[in-house]
């Protein structure tokens, strides 16, 4: 009884166990699995990442004004949906040039709002991808 | 005239974490009949595994069956596929797989214990255990890159290695946690609200545990010596100091004590694993498409998890069958309720640690 009272009194002067979140930002570890980032100039357009992605969050779609990369013979454009991505890193492991063409950062995606049109714009891309 | 009244518990109830409905037939305060419905969170995972995803992506799909035993689900599926592809993973990968499996067990048991406290009205203890659980969550984030959805295991091995710094941090956190779990042991045996209140409530005898096919901590608390970790050869549990924890009482207190002892044993095992991780590669390349049938069992935090996988030499599987521990325990659950007071039902249910998203999948 006495010891628990003492403990209760000591706890009054302790720091709280929680983080005061909006005031103190949560620091992410550098190995935290976050957004997938893409380096266009190193990409060899092997499309391995597109094939292995479990939810299908990477799509290469044919475009009219392709990049100047000479490996891009079919004039494709890389599309990535951070809200569909499960951040498993399977694409990075499949990439023949990891850290140059495709790598995983420790940044979380920003919160999408309705005006971002996340879903319907992605569905359009999926339709285009199916046609080819 | 009918002498009994029917009282439902769920599908939405203040003491429930997940939707489940029990219909109790009560005679005054005593429960004399139980009917249960567990299918409120059905998502069609098994069907999706065979129609929408290729076999190499299914490991990430089944990990989303349940947040608490995500690692056991993905491990069971991956081992089933490895059997079909004849892939022999390295010893290092096996050790890292057990490490995550045991960390997962510790945090799952801690969650269950905190909810048992909450159902006893001991909110302060609930907060304390949930706060200390962060030690494990931190480790999991360091090792796998995420707190809950690990995506750590892939066909042929594991996705990440544990380096020296991370191992040191894990050992520090485990040491701190061990002290705290020993402290809970004291509270759970000596504190009136947690031990005396729970003694003799929700009792499952050894005979009944055997007859109703109870598994996991529920069975071990009744003295039934059943644990898949003891029965499989695949993971080297013998080398890392696995000890089966049993209790003879079979009541809520016994279940709490078994969970605490298992958490302690798991912490010990994790320390042993880190002390003796063998050298080697973490991933072995696999070739071919799965063909044939395989059946795999692993011990999830709540009991035996069974996976049946049938392949047909294409990228799409024929069948993925998941038999989860809570599903197998439902007859035993229903039996325990009979004869106890309705007022105890919420506490008894919390002590089972049911996982309904596993069960309904």
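Protein chains in written order, with the numbering used here: chain A, 118 to 249; chain B, 50 to 410.
Using N, Cα and C, we set each Cβ at its ideal position, and we do this for glycine too.
These numbers come from a predicted model, not from an experiment.
Worksheet entry | Three-state secondary structure assigned by DSSP to residue 347 of chain B | strand
Worksheet item: Using CA coordinates, which residue listed in A/192, A/228, A/247 is at the minimum distance from residue 201 of chain A?
Response: A/228
Fill in: residue 160 of chain A: contacting residues in chain B (beta-carbon distance under 8 angstroms)
Residues of chain B passing the Cβ test: none, with the nearest at roughly 22 angstroms.
Practice prompt. Please classify residue 84 of chain B: does DSSP put it in a helix, a strand, or coil?
Written response: strand
Fill in: Span separating the alpha-carbon of residue 254 of chain B from that of residue 382 of chain B
12 angstroms
Practice prompt. Give the single residue among A/128, A/157, A/130 whose Cα lies nearest to the Cα of residue 218 of chain A.
Written response: A/157
Practice prompt. Show which residues of chain A have a CB atom less than 8 angstroms away from the CB atom of residue 222 of chain B.
Written response: Neighbours of residue 222 of chain B on chain A: none; closest Cβ ~14 angstroms, over 8 angstroms.
Practice prompt. Determine the DSSP secondary structure at residue 182 of chain A, reduced to helix, strand or coil.
Written response: coil
Worksheet item: For the region 62-80 of chain B, which residues have a beta carbon sitting closer than 7 angstroms to at least one beta carbon of chain A?
Response: none
Worksheet item: What three-state label does DSSP hand residue 193 of chain A in the structure shown?
Response: strand
Item to complete: Look at the Cβ atom of residue 212 of chain A, then the Cβ atom of residue 170 of chain A, and state whether they are nearer than 8 angstroms.
Response: no
Worksheet item: Whose Cβ in chain A lies nearer than 9 angstroms to the Cβ of residue 109 of chain B?
Response: 171, 172, 203, 205, 207
Discussion item. Rounded to whole angstroms, what is the Cα-Cα separation between residue 72 of chain B and residue 370 of chain B?
Written reply: 28 angstroms
Item to complete: Quick one: list the residues of chain A neighbouring residue 190 of chain B, beta-carbon separation under 8 angstroms, in chain order.
Response: 146, 149
Worksheet item: Can you tell me whether residue 156 of chain B is buried or exposed, with buried defined as 16 or more other CB within 10 angstroms of its CB?
Response: buried
Item to complete: Could you tell me which chain A residues have their CB closer than 9 angstroms to the CB of residue 180 of chain B, listed as they occur along the chain?
Response: 134, 135
Worksheet item: Whole-angstrom Cβ separation of residue 197 of chain A and residue 230 of chain A, contact assumed at under 8 angstroms?
Response: Going by Cβ atoms, the distance from residue 197 of chain A to residue 230 of chain A rounds to 19 angstroms, so no, they are not a contact pair.
Fill in: Nearest to residue 362 of chain B (by Cα), restricted to the options B/105, B/181, B/210
B/105
Item to complete: Enumerate in chain order the residues of its own chain whose CB-to-CB distance from residue 206 of chain A is below 7 angstroms, with the five nearest sequence positions on each side excluded.
Response: 150, 221
Fill in: Straight-line gap, residue 182 of chain A to residue 166 of chain A (C-alpha atoms, nearest Å)
22 angstroms
Worksheet item: Which first and last residues belong to the beta strand (DSSP E) in which residue 221 of chain A is found?
Response: 219-221
Discussion item. Using a Cβ-Cβ cutoff of 7 angstroms, what residues of the region 82-103 of chain B are near chain A? List them in chain order.
Written reply: 102
Item to complete: Taking residue 208 of chain B as the query, report the chain A residues whose CB atoms sit under 9 angstroms from its CB, ordered along the chain.
Response: 205, 206, 207, 210
Discussion item. Does residue 90 of chain B come out as helix, strand or coil in the three-state DSSP assignment?
Written reply: helix
Worksheet item: From this set, B/237, B/124, B/53, which residue's C-alpha is nearest residue 345 of chain B's C-alpha?
Response: B/124
Item to complete: Just tell me which of A/154, A/126, A/144, A/127 has its CA closest to the CA of residue 216 of chain A.
Response: A/154
Worksheet entry | Nearest neighbour of residue 295 of chain B, chosen from B/309, B/98, B/226 [CA to CA] | B/309
Discussion item. Checking the sheet assignment: what are the DSSP bridge partners for residue 371 of chain B?
Written reply: B/356
Item to complete: Measure the C-alpha to C-alpha separation of residue 127 of chain B and residue 243 of chain B and round it to an integer number of angstroms.
Response: 40 angstroms
Worksheet item: Can you tell me the Cα-Cα spacing of residue 410 of chain B and residue 375 of chain B, whole angstroms?
Response: 11 angstroms
Worksheet entry | Interface partners of residue 195 of chain B on chain A, CB under 9 angstroms | 149, 150, 204
Worksheet item: When we look at the beta-carbon of residue 351 of chain B and count the other beta-carbons within 10 Å, is it buried (16 or more) or exposed?
Response: buried
Worksheet item: Beta carbon of residue 314 of chain B, beta carbon of residue 286 of chain B: below 8 angstroms?
Response: no
Discussion item. Under DSSP, the alpha helix (DSSP H) around residue 145 of chain B begins and ends at which residues?
Written reply: 140-168
Fill in: Euclidean distance between Cα positions of residue 332 of chain B and residue 266 of chain B
33 angstroms
Fill in: Buried or exposed by the 16-neighbour rule on C-beta atoms within 10 Å, applied to residue 403 of chain B
buried
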